[in-house]
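Each remark here refers to the structure printed beneath this line.
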Amino acid sequence: MSTGVRGQWSSKLGFILAAAGSAIGLGNIWRFPYVTGENGGAAFVFVYLACVLVIGVPYMYAELALGRAVQKNPVGAIDRLRPNSSWILVGVLGVVTGLFILSYYAVIAGWTFGYIFKMVIPNWLTFGEFVSRPVLVIFLYTVFMLLTIFVVHGGIRGGIERWTTILMPVMFFLLLGLIVYVNFLPGSGKGLAFYLAPDFSKITGKVILSALGQAFFSLSLGMGLMVTYASYISKEDNLVSSGLFVALADTAIAIMAGLIIFPALFAMGQDPAAGPGLVFNVLPAVFEHMPGGTVVGVVFFVLLSIAALTSTISLLEVPTAYLVDNRGTARKVAVWIVGILVFLLGLPSALSQGAVSWLSQPIVGDMEFLSLMDFLFGNISLAVGALFLSIFVGWVWGATNASEELATGNPKFKKWAPLWSFLIRFICPASIFIILLNLFKFF
Ligand code: TRP
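Under the numbering used here, read the sequence shown as residues 1100 to 1542, first letter to last.
Listed below in structure tokens is the structure:
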């Protein structure tokens, strides 16, 4: 790291890769298909795409502008612009949300890692047996947390940037190959219809809330991750085109995952609403019958583990940056403090899939501990964070200041500034607010 103590990406590509690495992860391949399945298929996909385009991308620009202008983590950034105000709570919410998302995300990442080995052990455990073995899941979870800590330890360039470079093209082509394969399986057409032919009468308040939550989760928005990553971007870089590329790549990978899962699922007569185990049940079954399936399966879960790792490091980076910027903690110490805290927070999630029975019981609705964490932090908390951050950027710091930052490195943005201001000041906060209102009905 040559530029100061905080570090900076080595190039424009460095940021794009790291941000895409953060965005593309289990959210695209594990979460998107199962949430789509639970919410009835194509109509959900339609609402999801609308949320990405109308709320996600404009909101992402707000986080990017704030981060690069102030060059701090979300708490530090808000504190700089409105010192000692209660707006700082929005930044704190982001940091806390990061801790909690990471706590269960790393559990699922641990399963992914374990599935690499499951691919080469014939007739080992079923998914249900696998996730209910306490020693196994905690071991895998620990390994994954240690990997994450190890990378973030290395800092911005050496750590985070390097990992993403090779992964994404390989992932893209592997998914493409799988799409072709599964869509030739007999019976796959029904899956494609479920996924792509919308029945708009299926759109309810819950569907819209899930779609919005999924859009924020998948794009890594709502908790200041993009604020933090943008704080390492140089002033010459083009935030607008970089952000757009990240959103496009993320959305493309999610859509591709669905083009694999749903045709395969219907070809095998499984239930699309099977919940969080969906991908872990469907894909191994596909690999089993496929020529060369073992190798494809291993490669797939290796890639998915790396995709998850580039996301977990981003989740760990936000609280770490907070301790480094605001508390003056040394980076290496901060990483361990946060890592150990998160590890403890995640233990109940790790044990909630059958290992410990009282943790595996439904707590609210049909959600056991891990699903409840995902609902509270991976959905609600991101939406609440985005609601307040869009108000902060649009009204408090001001859309004009933010537009200026976005136009730095991209003068053409000036033409779009009025439209963007309108979206960030009115459309984003109002639509998130209305969608959240539905929660009251939910409880
Ligand atoms: N976007 C990642 C995924 O789809 C998860 C993630 C990483 C995330 N960093 C985040 C979600 C920050 C919300 C906020 O897997």
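For glycine and all other residues, C-beta sits at the position ideal for the given N, C-alpha and C.
DSSP three-state assignment for residue i, whether helix, strand or coil
i: residue 1463; result: strand
i: residue 1499; result: helix
i: residue 1320; result: coil
i: residue 1340; result: helix
i: residue 1101; result: Low confidence applies to residue 1101: its pLDDT is 34, below 50, so where it sits in the model is not reliable, and the reading given next is rough at best. Three-state DSSP puts residue 1101 in coil, outside helix and strand.
i: residue 1335; result: coil
i: residue 1509; result: coil
i: residue 1349; result: helix
i: residue 1176; result: helix
i: residue 1543; result: With the chain represented from 1100 up to 1542, any question about residue 1543 goes unanswered, as that position is not in the structure.
i: residue 1132; result: helix
i: residue 1308; result: helix
i: residue 1389; result: coil
i: residue 1171; result: coil
i: residue 1181; result: coil
i: residue 1371; result: coil
i: residue 1327; result: helix
i: residue 1484; result: helix
i: residue 1161; result: helix
i: residue 1222; result: coil
i: residue 1454; result: coil
i: residue 1302; result: coil
Straight-line Cα distance separating residue j from residue i
i: residue 1505; j: residue 1342; result: 11 Å
i: residue 1304; j: residue 1394; result: 42 Å
i: residue 1440; j: residue 1425; result: 18 Å
i: residue 1230; j: residue 1136; result: 21 Å
i: residue 1169; j: residue 1176; result: 6 Å
i: residue 1382; j: residue 1275; result: 15 Å
i: residue 1143; j: residue 1297; result: 8 Å
i: residue 1488; j: residue 1178; result: 13 Å
i: residue 1578; j: residue 1421; result: Residue coverage of the chain in this structure runs from 1100 to 1542, which leaves residue 1578 outside it and unanswerable.
i: residue 1330; j: residue 1376; result: 36 Å
i: residue 1349; j: residue 1339; result: 16 Å
i: residue 1132; j: residue 1535; result: 23 Å
i: residue 1371; j: residue 1243; result: 28 Å
i: residue 1267; j: residue 1386; result: 21 Å
i: residue 1458; j: residue 1203; result: 14 Å
i: residue 1468; j: residue 1271; result: 33 Å
i: residue 1486; j: residue 1352; result: 26 Å
i: residue 1248; j: residue 1241; result: 11 Å
i: residue 1461; j: residue 1449; result: 15 Å
i: residue 1180; j: residue 1496; result: 7 Å
i: residue 1455; j: residue 1233; result: 8 Å
i: residue 1306; j: residue 1428; result: 42 Å
i: residue 1538; j: residue 1392; result: 43 Å
i: residue 1252; j: residue 1404; result: 19 Å
i: residue 1431; j: residue 1415; result: 12 Å
i: residue 1280; j: residue 1354; result: 16 Å
i: residue 1438; j: residue 1447; result: 16 Å
i: residue 1443; j: residue 1515; result: 46 Å
i: residue 1345; j: residue 1327; result: 15 Å
i: residue 1464; j: residue 1227; result: 21 Å
i: residue 1208; j: residue 1109; result: 28 Å
i: residue 1102; j: residue 1500; result: A caution first: residue 1102 carries a pLDDT of 38, below 50, which makes its placement in the model unreliable, though a value can still be read off. Taking the straight line joining both Cα atoms gives about 25 Å.
i: residue 1373; j: residue 1364; result: 10 Å
i: residue 1419; j: residue 1490; result: 25 Å
i: residue 1186; j: residue 1220; result: 52 Å
i: residue 1156; j: residue 1222; result: 44 Å
i: residue 1117; j: residue 1324; result: 11 Å
Neighbour flag for residue i against chain C, beta carbons, 7 Å
i: residue 1497; result: Within the model displayed, chain C is absent; a lone protein chain is all it includes.
Unbroken alpha helix (DSSP H) run spanning residue i, endpoints
i: residue 1475; result: Neither: residue 1475 is in no alpha helix (DSSP H) and is coded neither H nor E.
i: residue 1513; result: 1512 to 1521
i: residue 1405; result: 1392 to 1426
i: residue 1244; result: 1233 to 1252
i: residue 1491; result: Unbroken run through residue 1491: none, as it is neither H nor E.
i: residue 1226; result: 1226 to 1230
i: residue 1282; result: Neither: residue 1282 is in no alpha helix (DSSP H) and is coded neither H nor E.
i: residue 1193; result: 1187 to 1219
i: residue 1433; result: 1430 to 1449
i: residue 1288; result: 1287 to 1295
i: residue 1146; result: 1141 to 1150
i: residue 1111; result: 1111 to 1122
Ligand 3 heavy atom lying under 6 Å from the CB of residue i
i: residue 1121; result: Of the ligands this structure carries, namely ligand 1, none is ligand 3.
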